[in-house]
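> One structure follows; several queries about it will come next.
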Amino acid sequence: MKWLALASLLLLATGCAHQTTQAAGRRLIVLGIDGMDPGFLESHWQALPNLNRLRQQGDFRRLATTVPPQSPVAWSTVATGLDPGGHGIFDFIHRDPVTRQPISSMAEATPPSHSLHIGPYLIPLTSGSVQAMRSGRTFWQILAERRIPATVIRIPANFPPAECEAESLAGMGTPDLTGTFGTFSFYTDDPAEKRSQVAGGHIAPIHLENGSATLQIEGPPNSLRKDQAQTAIDIRMHADPAAPVARFDLPDEQFVLRQGEWSDWQRADFRLIPGLKSVSGIFRIYLQQVHPHVRVYVSPVNIDPADPAMPISTPSGFSRTLTGKLGSFYTQGIAEETSAFRAGILSKDEFLAQSRKVLTDNLRMFHYELGRFSSGLLFYYFSSIDQNSHMLWGRYEEDLLDIYRQVDQAIGDAMRQPDTELMILSDHGFARFDRAVHLNTWLMKEGLLTLDDASNTGDTEGFAHVNWDKTQAYALGLNGIYLNLYGRESGGVVSLADKQDLLDQISAKLLEFRDPATGEHVVDKVYFAEKTYQGRNLKHAPDLIVGFRRGYRASWQTALGAVPAAAIDDNTQAWIGDHCMAADEVPGVLLSNRKFRATQPQMVDVPATILSEFGVPRAAGMLGQTVF
Amino acid sequence: MDSFNALINAGLRAIAAAFSWGPPALSLAVFAVLAGSGMIWAFRKTSDQAKLQAVKRKLYAYLLELRVYSDEPSITWRTQVSLLRANLRYLGLALRPAVWIAAPLALLMIHLESFYSRQPLALDSDTVVTMRLRSPVDGAAPDLTLPPGVELTAPPVRIVSRSEISWRIRPRQAVSGELQFRLGGQTVSMPIEARRDAHFIPGRRVNSALAVLWHPDSPRVAASAVDWIDVRYPDSAISVFGLEINWIVWFLIVAMLAGLALKKPMKVVL
Ligand SMILES: [Zn+2]
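Dropping the structure here:
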């Protein structure tokens, strides 16, 4: 009997030992491919040999996405295993409940609390900071605590990166050096260009003298000056009088571009206090045209990964190490230049060329990480399919397939890694975006939102003419409707007692809402925040989440709180594909080189699977279970 | 001037070549030691050593006085004034040798720049070659003939506002050759280096007799229409014990140490 007990103990011990060594030497690669659509894969398996082989040898499923199916929301769920009610991110855009003004959902900046005044300068005595808005512990923080090596590259909504010993690089949500999600500059002497500001960029007129002109590139506002004066550097451009070619003189660099060429990454120091303090930024110049008018595009000034002005990696020196190995790279969260394409400044082909550069940067880093990956977890994120699908979906299939093919090749490289488990997932699929719904106008027509003067529609400024005393609900962001609630919104009018009735009423009306042009239903599903989410971190949650039918999406005006004249318009912009609809309409994908046991996997299952593969128990509150 | 520069250049090249088996920090240290010993020798030759010795003795004496009478303000004050005068006297005596030393040292350093401040052109990456004219740019750009292995990757840019013409070139293989420009029936050449082991990388080639003082590497441009020609080379740094530092810093540190070390054996009063 004693002997038997001893033997079973020994067996148990070796079993345990086996398990830990297995966890320590285990290799798991997870590729996050934003926007990869299951339907698109199914109609192109033959053109995507690696993905096709993966689903045949392993498995392929639709992956249920979050409500709403937006990238910051879904990837936050992947990172933490919490639903939006747990991690607290519900949209790209939240609103300040008191002022109803839009704010970024991903990060918040606080200025330093104490400063010293010297002349025009303001020297901070405490450091200001940026905080990520996401709650919950991330799977790589949990792995790092267990000493399991993890490298997490560019997962969205991780700026500033979650503090831990794992190597991570921030992704979507990382601002450019000026603090926006990407502001390009465009310089021209074409008198026909009358605009000065477009969404995501500004346009500066230049004056050529003997073929030479100065381009002023704006850096961050000078936080060390009382007047917060914009920092800037000057670039001199010299165009040949006849040939389509120009020379650019930077403070420390000089180069020649032919028409249609992009420069390499250029580094520039924006001076805060001359000779003492500056911040470093990187950018690229595109010489679009020389004659008859000069047209020069300058990318948003990215945070320099070699000398980051804001935290973009853990450990903080990791981004510098990467620059040492790979040269400069895009650090801006979403680097594909969709704004300049939408503004008509870049053509489709120019957009594609720029977006290829982003993918090239990203693939170079991917191959570097793949090459040095030895054990533990490698998570790598690709933005290209999502951003290109927004501009190409349903109209330029071949161009989009080309992007899918490049990603398929990268997947093939990951598949060749020996003894490695591979998981591939996307956060949502895609659909056409044909009709833009102005939710605030719809609310107005339903008598739930009132303007101070009914003729004041069409204003693009957020809620500029809304009479809050007579407004019960308003829309902001890409899927959200908020009540004008007493005690929450300043001057709110809806009492807590009336809240549920009103929500039911709006929901019923939304489900009846038909497109006047076609007679079709506009909304597929309406979700009540309090019933949909398990987590109770609902401070920023819209009261209703609108699940549009495929083809419909909240308009850009709605996202920022504008009230145009019509309730629905044709989408005439270059942004033709989207996914901010009902979650069931746009599922993502899940693939692996192993078979799944789960038949209906969802986002929360992904972190649960990762932890389970390393034998690590889930953190408290994490939803989901392993898919294997 | 050209032959004088050429002579110095030949001498420096010979020394650099003799130590080319080691890292650049080594041959630069050799130049620095030579410069340091030259400076200390010149200091002895051009200064009044006896007077310097006397002033220095006085300085020590005053310093001693200050310490001894530190609690007697009237004496301290007088000593302070004397100390200041002795100091000025010392500076006055050091001025003459300093003037004598400055010119050759500057000349040496201007020449050394071509050995240590630039890297050869990197293969397969673009660089800009610029020619400035002495008269406005009009008409076509001068013809440029490239040595084998170097490509022109963009048409020339004529910059009217600066009377400059820029070419973008890209070396495809290791090259140590010459760019040949033809303008107004004259040919002007400019050396280029895209060889890893190049020690000497000439800087701007100039026309004016004044400018050649700062850019002494190549003979002056003979073509009257050209003011200067310049190839943009990547900057170089000297690697010392794994640290990347500016060559001037390394040069001055070694020269100073050499000077101090030779002070005693050469019996020089500094
Ligand atoms: Zn998207």
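Keeping their order, the protein sequence lines are chains A and B.
Following the working numbering, the numbering of the first sequence begins with 1 at its first residue and continues without gaps.
Following the working numbering, the numbering of the second sequence begins with 629 at its first residue and continues without gaps.
Even glycine gets a Cβ: it sits at the ideal position worked out from N, Cα and C.
Output the residue ranges of the beta strand (DSSP E) runs that lie fully inside the region 560-620 of chain A and measure 3 residues or longer, sorted by chain position.
Within the region 560-620 of chain A, the complete beta strand (DSSP E) runs of at least 3 residues are 568-570 and 588-592.
> Quick one, what's near ligand 1 if you take every residue whose CB is closer than 6 Å to any heavy atom, in chain order?
Taken from the N-terminal end onward, the list reads A/Gly35, A/Ser71, A/Asp386, A/His390 and A/His579.
> To be precise: take each residue of the region 207-223 of chain A, compare its Cβ to all Cβ atoms of chain B, and keep it if any distance is under 8 Å. Which residues remain?
Listed in sequence order: Glu209, Asn210, Gly211 and Ser212.
> So is A/His238 in contact with chain B if we call contact Cβ pairs under 8 Å?
It does; some Cβ of chain B falls within 8 Å.
> Does A/Ala192 pass the burial test, meaning 16 or more other C-beta atoms within 10 Å, or should it be called exposed?
Exposed, because fewer than 16 other Cβ atoms sit within 10 Å of the Cβ of A/Ala192.
> Assuming B/Pro830 and B/Gln747 form a contact by the criterion Cβ under 8 Å, report the distance between their Cβ atoms to the nearest whole angstrom.
Not really, about 13 Å apart at Cβ, beyond 8 Å.
> What are the boundary residues of the beta strand (DSSP E) that includes A/Lys525?
Segment Val523 to Phe528, the beta strand (DSSP E) holding A/Lys525.
> Whose Cβ in chain A lies nearer than 7 Å to the Cβ of B/Arg786?
Those are Asp240 and Pro241, listed as they occur along chain A.
> So what does DSSP say about A/Leu41, is it helix, strand or coil?
Looking at A/Leu41 - three-state DSSP - the assignment turns out to be helix.
> Could you give the residue range of the alpha helix (DSSP H) that holds A/Gln289?
Careful: A/Gln289 lies outside any alpha helix (DSSP H), inside the beta strand (DSSP E) at Ile285 to Gln289.
> With a cut-off of 8 Å on the beta carbons, I'd call A/Leu177 and A/Ile303 a contact; round off their distance for me.
Going by Cβ atoms, the distance from A/Leu177 to A/Ile303 rounds to 6 Å, so yes, they are a contact pair.
> Express the C-alpha separation of A/Met423 and A/Leu28 in angstroms, rounding to a whole number.
Taking the straight line from one Cα to the other gives about 8 Å.
> Using a C-beta cutoff of 8 Å, does B/Ala750 count as contacting chain A?
False, the Cβ-Cβ gap to chain A never drops below 8 Å.
> Taking A/Ala631 as the query, report the chain B residues whose CB atoms sit under 7 Å from its CB, ordered along the chain.
For residue 631 of chain A there is no data in the structure shown, the boundaries of chain A being 1 and 628.
> Under a CB-based cut-off of 8 Å, is B/Ala782 close to chain A?
Closer than 8 Å to some Cβ of chain A, the Cβ of B/Ala782 qualifies, so yes.
> Output yes if chain B places a C-beta closer than 8 Å to the C-beta of A/Phe159; else output no.
No, A/Phe159 lies away from the interface with chain B (no Cβ there is under 8 Å from its Cβ).
> Can B/Phe659 and B/Ser742 be called in contact, C-beta distance under 8 Å?
Taking 8 Å as the Cβ cut-off, B/Phe659 and B/Ser742 do not qualify as a contacting pair.
> Assuming A/Ala414 and A/Leu370 are in contact, meaning their beta carbons sit under 8 Å apart, how far apart are those beta carbons, in whole angstroms?
Indeed, because the Cβ distance is near 7 Å, the residues count as touching under 8 Å.
> Looking at A/Glu585 and ligand 3, is the gap between the Cβ and the nearest heavy atom below 7 Å?
By its list of ligands, the structure shown excludes ligand 3, since it contains just ligand 1.
> So, for A/Val67: in the same chain, excluding its five sequence neighbours on each side, which residues have a beta-carbon less than 6 Å away from its beta-carbon?
Contacts found: Tyr527, Thr532, Ile545 and Ala583.
> What do you reckon, are the CB atoms on A/Ala431 and A/Ile568 nearer than 8 Å?
No, the pair does not count as a contact, with Cβ atoms beyond the cut-off.
> Could you tell me which residues DSSP pairs with A/Trp75 in its beta bridges?
Looking at the DSSP assignment, A/Trp75 forms no beta bridge with any residue, so it has no partner.
> So the alpha helix (DSSP H) B/Leu716 belongs to, where does it begin and stop?
Element bounds for B/Leu716: Pro701 to Tyr744.
> Do you know offhand how far B/Val765's Cα is from B/Pro844's?
Their Cα atoms are separated by approximately 26 Å.
> Measure the alpha-carbon distance for A/Gln22 versus A/Phe433 and round it to whole angstroms.
The pLDDT assigned to A/Gln22 is 48, lower than 50, so where the model puts this residue is not dependable; a value taken from the coordinates is nonetheless given after this. Taking the straight line joining both Cα atoms gives about 47 Å.
> Am I right that B/Leu733 and B/Ala663 are in contact with their C-beta atoms under 8 Å? What's the rounded C-beta distance?
At roughly 6 Å, the Cβ-Cβ gap stays under 8 Å, so B/Leu733 and B/Ala663 are in contact.
> Can A/Gly561 and A/Leu449 be called in contact, C-beta distance under 8 Å?
The answer is no: Cβ separation not under 8 Å.
> Taking C-beta pairs closer than 8 Å, name the residues in chain B that A/Arg258 reaches, listed in chain order.
What A/Arg258 touches in chain B: Ala782 and Pro783.
> By Cβ distance below 6 Å, which residues in the same chain neighbour B/Glu792 in space, the five residues on each side in sequence not counted?
Closer than 6 Å at Cβ, skipping near neighbours: Thr758 and Arg760.
> Kindly indicate which residue of A/Ile481, A/Ser43 and A/Asp524 has the alpha-carbon position closest to the one of A/Gly547.
Answer by Cα proximity: A/Asp524.
> With DSSP as the reference, label A/Glu446 as helix, strand or coil.
Looking at A/Glu446 - three-state DSSP - the assignment turns out to be coil, as it is neither helix nor strand.
> Beta-carbon of B/Arg796 versus every beta-carbon of chain A: anything under 8 Å?
Output row for B/Arg796: interface = yes.
> Starting from A/Arg236, trace the beta strand (DSSP E) both ways and give me its first and last residue.
Per DSSP, A/Arg236 belongs to the beta strand (DSSP E) from Gln230 to Ala239.
> Is the shortest distance between the beta-carbon of A/Phe513 and the beta-carbons of chain B less than 8 Å?
So, not an interface residue.
> If we cut at 8 Å on Cβ distances, does A/Phe329 have a partner in chain B?
No - not a single Cβ of chain B is within 8 Å of the one on A/Phe329.
> Helix, strand or coil for A/Pro102? Go by DSSP, reduced to three states.
Here A/Pro102 sits in strand by DSSP.
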